[in-house]
Each structure stands twice: as structure tokens, then as C-alpha cells.
Amino acid sequence: MGLTLAICFVLGAVSALRMPILVFTLVVMVVMAAYAIFSVVAGMSSIMAFGWSMALASVLEAGYIFTHTVLYLVYVRRADETRTPRKIQSKYTAD
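Note that full-length UniProt numbering has the sequence shown beginning at 1, numbered continuously upward.
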């Protein structure tokens with residue numbers, strides 16, 4: 001199951017690059033429902049199936065958040081450090 005969680009994390013991280021959060025949330029809900037249904041049909045108890053589907057959804061979301069955090073640190077934080085203050089010059093005089 002560890003490999004499955006690692007794959008879910010990577011899929012969540014890759015999905016963050018191009019997928020909006022609303023669409024990603026709908027995909028995660030479909031994954032949760034499908035995993036729970038298939039697990040119950042396969043003979044797993046409903047509580048365990050619900051718990052594992054929540055774990056898969058959490059790991060998918062963690063991958064999504066990880067990518068956005070890295071992008072934030074790369075683009076926003078780095079831009080704040082290298083940004084130089086500029087004076088805006090107006091064509092109107094101050095009265």
C-alpha cells in the first residue's frame with residue numbers, strides 16, 4: 001500500500017501543474033468513491049474501505065498542495081528578494 005500512496009502523491013503533484021482546484025477536487029471525489037465501492041465489492045469491510053479511500057484522497061491533496069507550495073516559494077519568494085524598489089514618475093506635478 002505504500003507504493004500506492006507514493007503514486008497518489010506523485011499524481012497529485014503532477015496534476016497541480018495544469019488542473020484547477022475544482023476539477024481536481026471532483027477527480028479526488030470520484031477516486032474516493034470508486035476505491036470504496038471496489039473495496040467493498042472485493043470483500044473489505046466498509047469502515048476499512050472508507051478509511052483507505054480517505055487516506056488516498058488525503059495523499060492526492062497533499063501532492064497537490066506540495067506542488068503549489070514549491071511554486072509559491074520559487075516564484076513569489078524569489079521575486080520579492082530580487083525586486084528593486086522603483087520610483088513611479090508621474091507626468092502631473094504634486095500640489
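Built from N, CA and C at the ideal position, the CB exists for glycine as well.
Burial state of SER53 is buried, judged by a 10 Å Cβ sphere holding 16 or more other Cβ atoms. Taking C-beta atoms as the reference points, PHE9 and TYR64 fail to come closer than 7 Å. 7 Å or more divides the Cβ of ALA6 from the Cβ of HIS68. In this structure, LEU3 sits away from VAL28, with a CB-CB distance that is not shorter than 7 Å.
With a 10 Å radius around the Cβ and a threshold of 16 neighbouring Cβ atoms, LEU26 comes out exposed.
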